[in-house]
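**Q** Residue numbers (the working numbering): 2 to 282.
Virtual Cβ for every residue (Gly too), placed ideally from N, Cα, C.
From a predicted model like this one, the values you see are computed outputs, not experimental measurements.
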């Protein structure tokens with residue numbers, strides 16, 4: 002299936018995409034550009050060839066994810082276990098488990114009851130041990146990073162970091178620097194002037210380090226007064242899209258991959274702004 006295709010098979014695929022929140026319009030039976038972009042986003046999140054066409058592999062994985070979307074089992078945490086070990090045991094991910102159980106960090110206790118997403122779920126790998134970087138799909142990140150919640154943004158090339166609050170966003174995260182000092186740091190990261198250029202960043206959210214991409218251009222509305230930032234800026238994650246067109250931004254996705262392939266230093270993950278560049282692996 003591809004742009005121009007019509008019929009019940011197209012409607013079926015669109016229904017899967019619509020129910021899984023990849024497609025924003027109800028099924029029509031016509032494979033247009035919006036369907037192709039939804040398919041491409043799904044393919045990116047599932048590490049498939051992101052050509053926007055539905056071949057057999059894409060069809061099978063899409064059907065499996067739709068059928069398994071609500072599956073979970075009850076599990077009691079055993080002595081000495083952590084979320085990473087549990088995620089590996091059930092072929093799930095730390096982020097998925099945190100979202101499913103409304104956990105605000107990755108700390109768990111012996112005897113604690115968790116609901117573990119099962120079925121054909123993506124296994125989001127973590128590189129570099131306990132300080133490794135995770136590549137989290139936007140469909141998960143959208144639930145993990147709530148509107149109004151503050152996270153730390155670490156620039157890969159410079160090692161500089163600042164705090165930002167999520168403003169909103171449907172297909173990617175819109176955010177605002179938290180304070181005037183955070184705005185100054187962000188502007189310095191972009192060379193002293195605002196720019197639409199994409200930069201590889203790591204988002205520290207709920208004790209997880211997640212690869213992302215940001216631009217540096219204030220635009221749109223704002224909620225924070227006194228931060229010297231006239232609007233909001235965009236942060237993209239694996240499979241996220243542009244709001245205006247619903248299209249996947251290849252430049253942002255390239256930066257997401259660059260951030261995923263970086264090495265976190267101890268300085269970069271501390272509370273201080275160390276200006277220590279993050280090396281690539």
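#1: CB residue 263 to CB residue 213, shorter than 8 Å?
#2: Is the segment 7–27 close to the segment 223–230, with three or more CB pairs under 8 Å?
#3: Could you spell out the range, first to last residue, of the beta strand (DSSP E) harbouring residue 167?
#4: Buried or exposed: which applies to residue 34, given that a residue is buried once 16 or more other Cβ atoms fall within 10 Å of its Cβ?
#5: With a CB to CB cut of under 7 Å and the five nearest residues on each side skipped, what residues in its chain are close to residue 28?
#6: Can you list, in chain order, the residues of its chain with a C-beta nearer than 7 Å to that of residue 4? Leave out the 5 residues immediately preceding and following it.
#7: Flag this pair as touching only if the segment 205–212 and the segment 133–143 have three or more C-beta atom pairs under 8 Å; answer yes or no.
#8: Taking buried to mean at least 16 other C-beta atoms within 10 Å of its own C-beta, is residue 246 buried or exposed?
#9: Starting from residue 209, trace the beta strand (DSSP E) both ways and give me its first and last residue.
#10: Between which residues of its own chain and residue 100 is the CB-CB distance below 7 Å, once the five residues before and five after are set aside?
#11: Taking the alpha helix (DSSP H) that residue 146 falls in, what are its first and last residues?
#12: Give the range of the beta strand (DSSP E) segment to which residue 175 is assigned.
#13: Around the Cβ of residue 74, are there at least 16 other Cβ atoms within 10 angstroms (buried) or fewer (exposed)?
#14: Taking 6 Å as the limit between beta carbons, can you name the residues of its chain near residue 54, skipping five residues before and five after?
#15: Taking 8 Å as the threshold (C-beta atoms), are residue 167 and residue 253 in contact?
#16: Three-state secondary structure (DSSP) at residue 15?
#17: Can you name the residues that DSSP bridges to residue 205?
**A** On the basis of the coordinates in this document:
#1: For this step, residue 263 is matched to residue 262 along the chain shown. For this step, residue 213 is matched to residue 212 along the chain shown. Taking 8 Å as the Cβ cut-off, residue 263 and residue 213 do not qualify as a contacting pair.
#2: Short answer: they don't touch.
#3: As a working mapping, residue 167 is identified with position 166 in the chain shown. That run of the beta strand (DSSP E) goes 162–169.
#4: One-based indexing of the chain shown puts residue 34 at position 33. Under the 10 Å beta carbon count, residue 34 is surrounded by fewer than 16 other beta carbons and is classified as exposed.
#5: Your numbering for residue 28 matches position 27 in the chain shown. Cβ neighbours of residue 28 beyond the five flanking positions: 12, 15, 16, 19.
#6: Along the chain shown, read from residue 1 onward, the residue named residue 4 stands at position 3. Excluding the 5 residues flanking it on each side, residue 4 has same chain C-beta neighbours closer than 7 Å at 32, 33, 34, 37, in chain order.
#7: In short, these stretches touch, since the Cβ pair count reaches three.
#8: What you label residue 246 is simply residue 245 of the chain shown in a count that begins at 1. Taking all protein chains in view, the Cβ of residue 246 is surrounded by fewer than 16 other Cβ atoms within 10 Å, so the residue is classified as exposed.
#9: Mapped onto the chain shown, residue 209 falls at position 208. Unbroken beta strand (DSSP E) run through residue 209: 209–217.
#10: What you label residue 100 is simply residue 99 of the chain shown in a count that begins at 1. So the list reads 141, 144, 145, once near-sequence residues are dropped.
#11: For the purposes of this step, residue 146 is taken as residue 145 along the chain shown, with counting starting at 1. Segment: none, residue 146 is in no alpha helix (DSSP H) and carries neither H nor E.
#12: Translated into the one-based positions of the chain shown, residue 175 becomes position 174. Looking at the DSSP string, the run of the beta strand (DSSP E) that includes residue 175 is 174–178.
#13: Within the chain shown, residue 74 is the residue found at index 73, counting from 1. Answer is exposed; the Cβ neighbour count stays below 16.
#14: Here residue 54 is taken as the residue at index 53 of the chain shown, counted from 1. Same-chain partners within the cutoff: 3.
#15: By 1-based counting over the chain shown, the position of residue 253 is 252. By 1-based counting over the chain shown, the position of residue 167 is 166. No. Outside cutoff.
#16: Counted from its first residue, the chain shown places residue 15 at position 14. Residue state for residue 15 is assigned as helix, using DSSP reduced to three classes.
#17: Along the chain shown, one-based indexing puts residue 205 at 204. Note: residue 205 sits in a beta bridge opposite 153, 210.
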